[in-house]
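Trainee: Residue numbers (the working numbering): 94 to 246.
Glycine included, every Cβ here is placed at the ideal spot set by N, Cα and C.
Once you've had a glance at the structure underneath, I'll fire off some questions.
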């Protein structure tokens, strides 16, 4: 036995090219795909890397939003998702670019305290800290540093 190997730090499950389904009352709410996934029982989290993609669905199970990032993690207790590195969220109404964000499973909100760029058909806004519904229909940037109308882009 290798004395430097800590069993508690080993993943309970590990998968490559994984797909994970999130559902509520039998309806799909999100589908996550990751190049590599590790389930860590001790810390109750799932680590995601090698590029991740999450498709979010509305109550009628229609895809509304797609999130991509290089890596992330899922808190297995709350089912909250944390996306890191080159995060892009795209919907029909807007595109968000940031380095880190959190999707809260409890209220289906996307939040971040990092620098963010939001591009919609009407405007481009940049700033620090934001909150949005997962469909990017209603969003707030808390510390706006730049705004331009689409007709001036």
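Determine the burial state of residue 109: buried for a count of at least 16 other Cβ atoms within 10 Å of its Cβ, exposed for fewer.
Mentor: Per the 10 Å Cβ criterion, exposed.
Trainee: With distances taken Cα to Cα, identify the nearest neighbour of residue 120 among 134, 126 and 149.
Mentor: Among 134, 126 and 149, the Cα nearest to that of residue 120 belongs to 149.
Trainee: Rounded C-beta distance between residue 127 and residue 143? I'm assuming under 8 Å.
Mentor: Confirmed, Cβ separation roughly 7 Å.
Trainee: Using DSSP with H/G/I as helix, E/B as strand and the rest coil, what is residue 151?
Mentor: Residue state, collapsed to three classes: coil.
Trainee: Per DSSP, which residues does residue 232 bridge with? Please list them.
Mentor: DSSP, once it has assigned bridges, lists 225 as partnering residue 232.
Trainee: At 3 residues or longer, what runs of the beta strand (DSSP E) sit wholly inside the segment 175-204?
Mentor: Whole beta strand (DSSP E) segments, 3+ residues: 188-197.
Trainee: Taking the alpha-carbon positions, what's the residue 221 to residue 232 distance?
Mentor: Near 13 Å, if we compare the C-alpha coordinates of residue 232 and residue 221.
Trainee: Within 10 angstroms of its Cβ, does residue 180 collect 16 or more other Cβ (buried), or is it exposed?
Mentor: The residue in question, residue 180, is buried, as its Cβ has 16 or more Cβ neighbours within 10 Å.
Trainee: Since residue 128 is in the beta strand (DSSP E), which residue starts that stretch and which ends it?
Mentor: From DSSP, the beta strand (DSSP E) with residue 128 extends over 120-133.
Trainee: Count the other CB atoms within 10 Å of the CB of residue 240; is the residue buried (16 or more) or exposed (fewer)?
Mentor: Exposed, because fewer than 16 other Cβ atoms sit within 10 Å of the Cβ of residue 240.
Trainee: Tell me, to the nearest whole angstrom, how far the beta carbon of residue 140 is from that of residue 166; I am working on the premise that it is less than 8 Å.
Mentor: That belief holds up - the Cβ atoms of residue 140 and residue 166 are roughly 5 Å apart, short of 8 Å.
Trainee: Quick one: give me the first and last residue of the beta strand (DSSP E) that residue 156 is part of.
Mentor: Unbroken beta strand (DSSP E) run through residue 156: 156-162.
Trainee: Restricting to Cα atoms, I'd like to know which of 186, 115, 182 and 134 is closest to residue 105.
Mentor: The option with the nearest alpha carbon to residue 105 is 134.
Trainee: Roughly how many angstroms lie between the CA atoms of residue 189 and residue 209, to the nearest whole one?
Mentor: Straight-line Cα distance between these residues: approximately 7 Å.
Trainee: Can you tell me whether residue 223 is buried or exposed? The criterion is at least 16 other CB atoms within 10 Å of its CB, across all chains shown.
Mentor: By the 10 Å Cβ count, residue 223 comes out buried.
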